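S.K.: Going letter by letter, the sequence shown gives residues 54 to 328 in the working numbering.
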Amino acid sequence: MKTQTIIEPGRSEKNYWRDLWRYRELFYVLSWRDFKVRYSQTVLGVLWVVIRPLLTMLIFTWLFGRLAKMPFEGAAPYSVMVLAGILPWQFFANSLSESSNSLIANERLVSKVYFPRMIIPASAVLTNFVDFLFSLFILAALFVYYGYMPPVQIAFLPLFAICLLIASMGPALWLTAVMVKFRDFRHLIPFILQVGIFISPVGYSSSVIPAEWKWAYSLNPLVGVIDGFRWCIVRGAHNPLLSQSFYISLSIAILFFYLAILQFRKMEKTFADVI
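What follows is the structure, given as structure tokens:
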């Protein structure tokens, strides 16, 4: 039986989201390749998933906890509170820096083969999400080390992990699309991340922000996510589901995700020519 190939104007546009599912094997292949390449020819290999957040936790605990003596809410060791902010932030930062350059790194694939280009940055984010899941074992190790029992609301952690994916995917898609045309952004991303780690409640609790500025601070979509992670892990932390700031952060994350998809789809048609 002969197969027929139908060439129809706009056909790829109509079937774009269906093609994302049809090309799911490419999604898995790219994710697995990125994961292997990242730790190939390294002495410690996958252990870097544990070492990086652990070192950052030690520095922030000393900087904010002992040197600056920043107040924090809840009944948990300061290291646990800090790590609950470092893990989601590190996932966001890694997703942003690696996905933004993903289309350029796959120039030959993009310019010669048709497939939904969104698969490439999405696979980079997925690879970092796997790292994020592995790094959660550090939290478990800290619980054992301090003899600390997390609260029952730790069961809500998957919910905030989904919020973290949404908050990360939006900027990742937007920067990926913009980087193809404007390569100058590669110099801005490290600066954005350096500033972002201090304007996000990573090494300190968001409770130190004055009430009158809470709404402005919550325009950062990671504020609600990190507060959610802390609530799940730190006993006595405020419940973000009862605060307005969480819904402001979540709304910004969802809006940015939606607008980033529109921007990516709009620029996607020119990727093969510009790249």
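All C-beta atoms in this analysis are idealised placements derived from N, C-alpha and C, irrespective of residue type, glycine included. All figures in this text were calculated on a predicted structure; none of them were measured in a lab.
1. Compare the C-alpha of Val255 against each of Asp184, Leu226, Val278 and name the closest.
2. So, helix, strand or coil for Ala128, using DSSP?
3. Are there three or more Cβ pairs, one per stretch, closer than 8 Å when the stretch 125-143 is compared with the stretch 247-261?
4. Do the stretch 71-91 and the stretch 177-196 touch if we need at least three Cβ pairs shorter than 8 Å?
5. Using only the alpha-carbon positions, how far apart do Asn273 and Ala230 sit?
6. Do Tyr311 and Pro169 have their C-beta atoms within less than 9 Å of each other?
7. For a test of the three-state rule: what should DSSP assign to Arg170, helix, strand or coil?
8. Can you pull the DSSP bridge partners for Leu288?
9. Ordered along the chain, which non-local residues of its own chain (more than five positions away) have a Cβ less than 6 Å from that of Pro204?
10. Using only the alpha-carbon positions, how far apart do Phe238 and Glu321 sit?
11. Considering only their Cβ atoms, is the gap separating Ala137 from Leu192 smaller than 9 Å?
12. For Ile60, which three-state DSSP category applies?
13. I need the straight-line Cα distance from Glu126 to Leu108, nearest angstrom please.
14. Judging by CA-CA distance, which residue of Ser298, Ala225, Ile250 is the nearest neighbour of Ser155?
15. In whole angstroms, what separates the C-alpha of Met171 from that of Ala208?
16. What residues in its chain sit with their C-beta under 6 Å from that of Ser188, if we drop five residues either side in the sequence?
M.R.: For this structure:
1. Counting from one through the sequence shown, the residue named residue 255 turns up at place 202. If we check each option's Cα against that of Val255, Val278 comes out closest.
2. Numbered from 1 along the sequence shown, position 75 holds the residue referred to as residue 128. Note: Ala128 maps to strand in three-state DSSP.
3. Verdict: yes, contact present.
4. These segments touch.
5. If you number the sequence shown from 1, residue 273 lands on position 220. If you number the sequence shown from 1, residue 230 lands on position 177. In this structure, the straight-line span from the alpha carbon of Asn273 to that of Ala230 is close to 21 Å.
6. As a working note, residue 311 is residue 258 in the sequence shown. As a working note, residue 169 is residue 116 in the sequence shown. No. Outside cutoff.
7. Reading the sequence shown from its first residue, position 117 is the one you call residue 170. Here Arg170 sits in coil by DSSP.
8. Numbered from 1 along the sequence shown, position 235 holds the residue referred to as residue 288. Looking at the sequence shown, residue 288 is not Leu but Arg. BP columns for Arg288 point to Ala128.
9. Start at 1 with the first residue of the sequence shown, and residue 204 comes out as number 151. The residues are Arg288.
10. Stepping through the sequence shown from its first residue, residue 238 is reached at position 185. Stepping through the sequence shown from its first residue, residue 321 is reached at position 268. Just so you know, the alpha carbons of Phe238 and Glu321 end up roughly 18 Å apart.
11. One-based indexing of the sequence shown puts residue 192 at position 139. One-based indexing of the sequence shown puts residue 137 at position 84. For the 9 Å CB-CB criterion, Leu192 and Ala137 form a contact.
12. Residue 60 sits at position 7 when you count from the first residue of the sequence shown. Its pLDDT being 39, under 50, Ile60 is placed unreliably in this model, and the value from its coordinates should be taken loosely. Coil.
13. Residue 126 sits at position 73 when you count from the first residue of the sequence shown. Residue 108 sits at position 55 when you count from the first residue of the sequence shown. Whole-angstrom Cα-Cα distance: 23 Å.
14. Stepping through the sequence shown from its first residue, residue 155 is reached at position 102. Comparing Cα positions, the closest option is Ala225.
15. Here residue 171 refers to the residue found at position 118 when the sequence shown is read from its first residue. Here residue 208 refers to the residue found at position 155 when the sequence shown is read from its first residue. Roughly 31 Å between the two C-alpha positions.
16. Counting from one through the sequence shown, the residue named residue 188 turns up at place 135. Excluding sequence neighbours, Ser188 sits near Val102, Pro106, Leu140.
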